[in-house]
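Asks: Dropping the structure in here first, questions after.
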Ligand code: 8X3
């Protein structure tokens, strides 16, 4: 029997994470899916299994920003993580658009803990395993906010700048091991992102009014493309804007 190829996707219960997991599944990957929302992950698992019953799914319902939870997940799942070929570090969020003097510190903590610390913690453990195997690919979900900054986005942008710097440093630390590191940097993608950021469904939807944003599937296809390049090819960074967006501050709207 052919051995399973394994991929891990964080934040797999919705949006880009779920779309990416779906595509990887269709490509024959068995999946380790992590998120905080157990029920949504279980529903997703059911749908995947109905489509391709011979592939395996392992669920990890934990909070990636909690170091002890990441450590215990990695300890418990040690044997399957040792076989991992693909890590998609998708879990992340934005909270708030207030300017620095008015911002809520809880929002900052949540972004810093998830987008930076969570991604770093998990990558620490998985990269060690990939290093031993001398193979693997780590795809980080950065953002155009990791290159450019906009008002009301100082901390979110800072977290994504951190992902960019971490991706660069990780690539240097893994040089010569065959492990690839990719930083995907999307602009406006319509998912739950803005609803979560603004804590309001209508305001979240209004962010994309009159323009055509990217979809989770657009980004998932791009991630898959980077993974499927030959092993000697590392797409280090990829900036993807919708056609209706020229920069983080220039959006064309038909209104
Ligand atoms: C999401 C893109 O422009 O809303 O990372 O910051 S943006």
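Numbering (the working numbering), first residue to last: 11 to 265. All residues carry an ideal CB built from backbone N, CA and C; glycine is no exception.
Given the structure, does residue 196 come close to the ligand 8X3, in the sense that its CB is under 7 Å from one of the ligand's heavy atoms?
Replies: yes
Asks: Along the chain, where does the alpha helix (DSSP H) containing residue 143 start, and where does it finish?
Replies: 129-143
Asks: At which residue ranges does the region 165-200 contain complete beta strand (DSSP E) runs of 3 or more residues, listed in the order of the chain?
Replies: 190-196
Asks: Measure the Cβ-Cβ separation of residue 35 and residue 95 and say whether it is below 8 Å.
Replies: no
Asks: For residue 104, which beta-bridge partners are listed by DSSP?
Replies: Its beta-bridge partners do not exist; DSSP assigns none.
Asks: Give every residue of the same chain whose Cβ lies closer than 6 Å to the Cβ of residue 93, excluding the five residues on either side of it in the sequence, and list them in chain order.
Replies: 16
Asks: Taking only heavy atoms of the ligand 8X3 into account, decide whether any of them is closer than 7 Å to the Cβ of residue 135.
Replies: Outside the cutoff, so no.
Asks: Where does the unbroken beta strand (DSSP E) through residue 74 begin, and where does it stop?
Replies: Residue 74 -> no beta strand (DSSP E), and no H or E assigned at all.
Asks: Considering residue 250, what are the terminal residues of the beta strand (DSSP E) in which it resides?
Replies: 247-250
Asks: With which residues is residue 39 paired in a DSSP beta bridge?
Replies: 15
Asks: What does a CB cutoff of less than 6 Å around residue 211 pick up in its chain, not counting 5 residues either side in sequence?
Replies: 205
Asks: Is there contact between the region 177-187 and the region 215-235, where contact requires at least three CB pairs shorter than 8 Å?
Replies: With a cut-off of 8 Å, the region 215-235 and the region 177-187 do not count as touching, because too few Cβ pairs lie within range.
Asks: Going by other Cβ atoms of all chains shown within 10 Å of its Cβ, with 16 needed for buried, is residue 11 buried or exposed?
Replies: With a pLDDT of 46 at residue 11, under the threshold of 50, the modelled position of that residue is not reliable, and the figure given next carries that caveat. Exposed, by the Cβ-count rule.
Asks: Go ahead and pull the three-state DSSP assignment for residue 30.
Replies: helix
Asks: DSSP puts residue 147 in a beta bridge; with which residues?
Replies: 96 and 190
Asks: I need the straight-line Cα distance from residue 26 to residue 104, nearest angstrom please.
Replies: 14 Å
Asks: When the Cα atoms are used, what is the spatial distance from residue 125 to residue 262?
Replies: 28 Å
Asks: With distances taken between CB atoms, is the gap from residue 334 to residue 149 smaller than 8 Å?
Replies: Absent from the model: residue 334. The displayed extent of the chain is 11 to 265, so no value can be given.
Asks: Any chance the CB of residue 154 is under 7 Å from a heavy atom of the ligand 8X3?
Replies: For the ligand 8X3, at least one heavy atom lies less than 7 Å from the Cβ of residue 154.
Asks: Alpha helix (DSSP H) containing residue 205: first to last residue?
Replies: 203-208
Asks: According to the neighbour-count rule (16 or more other Cβ atoms, all chains shown, within 10 Å of its Cβ), is residue 276 buried or exposed?
Replies: Because the chain is modelled from 11 through 265, residue 276 falls outside the range shown and cannot be assessed.
Asks: What did DSSP end up calling residue 88 once you bin it into helix, strand or coil?
Replies: helix
Asks: By the DSSP assignment, the beta strand (DSSP E) with residue 256 in it spans what residues?
Replies: 255-257
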